[in-house]
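Residue numbers (my numbering): 26 to 193.
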């Protein structure tokens, strides 16, 4: 089942949320030939429309006459009130976004300090890495020297083979 307000255009729905004073309600009901209105604490154009069956534009025109304005101004006032609330929320969101941005930039530009145990372990790892590098260097040096020794030895051996006397 469709809600009562959903039957109307956006301007009419905005107008239906307009709050009325008791005097305005009784004046509108008198004009619509209704004597009693069993309304809620805050009477709205929508509540009067629903109770009486009158359209929001009809009730809106009557309200505009009572308030000595016209219907367009009445609707525009409601839209401006909504726009003011939206602008206020926008400002709040921008303010929060700036605060979040400031916090984020402080977090990104701060160099994290490791915990003392982690820092000590990193220093030990750096020292261990230095010993590993020295060990690799010595290993490669020994292999290189062995290679040089082998090459020179092999050269001497092959030279000696070439100098052996051959039999005719």
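The beta-carbon is built from N, C-alpha and C at its ideal position, and this holds for glycine as well.
How big is the Cα-Cα spacing for residue 70 and residue 112? 25 Å
Which partner residues of residue 89 appear in the DSSP bridge assignment? Partner residues in a beta bridge of residue 89, as assigned by DSSP, do not exist.
Determine whether the beta carbon atoms of residue 82 and residue 96 lie at a separation below 8 Å. yes
Where residue 79 sits in the DSSP three-state scheme: coil
DSSP three-state call for residue 43: helix, strand or coil? coil
Would you kindly work out how many angstroms separate the C-alpha atoms of residue 46 and residue 37, rounded to a whole number? 19 Å
Over what stretch of residues does the alpha helix (DSSP H) that includes residue 95 continue unbroken? Taken as a continuous stretch (DSSP letters only), residue 95 belongs to no alpha helix (DSSP H), as it is neither H nor E.
Buried or exposed: where does residue 103 fall if 16 or more other Cβ atoms within 10 Å of its Cβ makes it buried? Counting of Cβ neighbours within 10 angstroms places residue 103 among the buried residues, the total reaching 16 or more.
Tell me whether the beta-carbon of residue 39 lies closer than 8 Å to the beta-carbon of residue 68. no
Quick check: what's the CA-CA separation for residue 84 versus residue 109? 25 Å
Report buried or exposed for residue 176, applying the criterion of at least 16 other Cβ atoms within 10 angstroms of its Cβ. exposed
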